[in-house]
Amino acid sequence: MNEIIRNIEASQLKSEVPVFNVGDTVRVHNKIKEGTRERIQIFEGIVLKKQGGSNRETFTVRKNSNGIGVEKTWPVHSPFVEKVEVIRKGKVRRAKLNYLRGRVGKKAKVKELVK
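In this text, residue positions in the sequence shown follow our numbering: the first is 30, and each later residue adds one.
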């Protein structure tokens with residue numbers, strides 16, 4: 030039974046997975062269907078968390094829109110996620126940045142990783 034499930038999940042995986050980490054500022058190009066038309070909407074924000082594995086892997090992005098925090102969660106291997114652009118790398122020491130939810134302004138920033 031496990032072998033059958035593994036084969037089904039392997040067929041659903043994307044061939045090219047975007048490389049990004051928690052704390053990075055990313056632009057997610059999301060396909061949206063409106064009736065018969067299809068368009069791409071861009072959501073830009075900080076990656077709060079990545080979780081799961083295989084085809085169940087998801088990531089959450091948070092942005093501030095007109096003073097209100099907005100979070101969206103996408104599956105990494107979703108056909109609706111066109112691409113994920115990394116704008117800047119963040120320097121963080123945690124796997125989940127839940128503490129950013131309670132912060133506003135400069136306190137909500139993540140330092141940039143300089144190599």
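For each residue, glycine too, the CB sits at the ideal point set by N, CA and C.
Tell me which same chain residues have a C-beta within less than 8 Å of the C-beta of Glu141, skipping the five on either side of it?
-> As a working note, residue 141 is residue 112 in the sequence shown. Counting only Cβ-Cβ distances below 8 Å, and skipping sequence neighbours, we find Arg117, Lys118, Gly119 and Lys120.
Proximal residues to Gly134 (C-beta, below 6 Å), its chain only, five neighbours per side dropped | To locate residue 134, count along the sequence shown from 1; it is residue 105. So the list is empty, once near-sequence residues are dropped.
Which residues mark the beginning and the end of the beta strand (DSSP E) in which Glu100 is found?
-> Taking the first residue of the sequence shown as 1, we reach residue 100 at position 71. Note, Glu100: beta strand (DSSP E), Ile97 to Pro104.
Compute the distance between the beta-carbons of Phe109 and Lys60, then report whether it is under 8 Å.
-> Taking the sequence shown and counting its residues from 1, one reaches residue 109 at position 80. Taking the sequence shown and counting its residues from 1, one reaches residue 60 at position 31. A contact, by the Cβ cut-off of 8 Å.
Phe49 and Val143 closer than 8 Å at C-beta = Locating residue 49 in the sequence shown gives position 20, counting from the first residue. Locating residue 143 in the sequence shown gives position 114, counting from the first residue. Cβ distance not < 8 Å, so Phe49 and Val143 don't count as in contact.
Local Cβ density within 10 Å of Arg132, reported as buried at 16 or more and exposed below that | As a position in the sequence shown, residue 132 is number 103, starting the count at 1. Exposed, by the Cβ-count rule.
What's the C-alpha gap between Arg130 and Gly98?
-> Counting from one through the sequence shown, the residue named residue 130 turns up at place 101. Counting from one through the sequence shown, the residue named residue 98 turns up at place 69. Going by the C-alpha atoms only, they are around 8 Å apart.
Whole-angstrom C-beta distance between Glu100 and Leu126, which should lie under 8 Å = Numbered from 1 along the sequence shown, position 97 holds the residue referred to as residue 126. Numbered from 1 along the sequence shown, position 71 holds the residue referred to as residue 100. With a Cβ gap of about 11 Å, Leu126 and Glu100 do not count as contacting.
Measuring CA to CA, which of Val139, Asp53, Gln41 and Trp103 is closest to Gln80?
-> Working through the sequence shown from its first residue, we reach residue 80 at position 51. The shortest Cα separation from Gln80 among Val139, Asp53, Gln41 and Trp103 belongs to Trp103.
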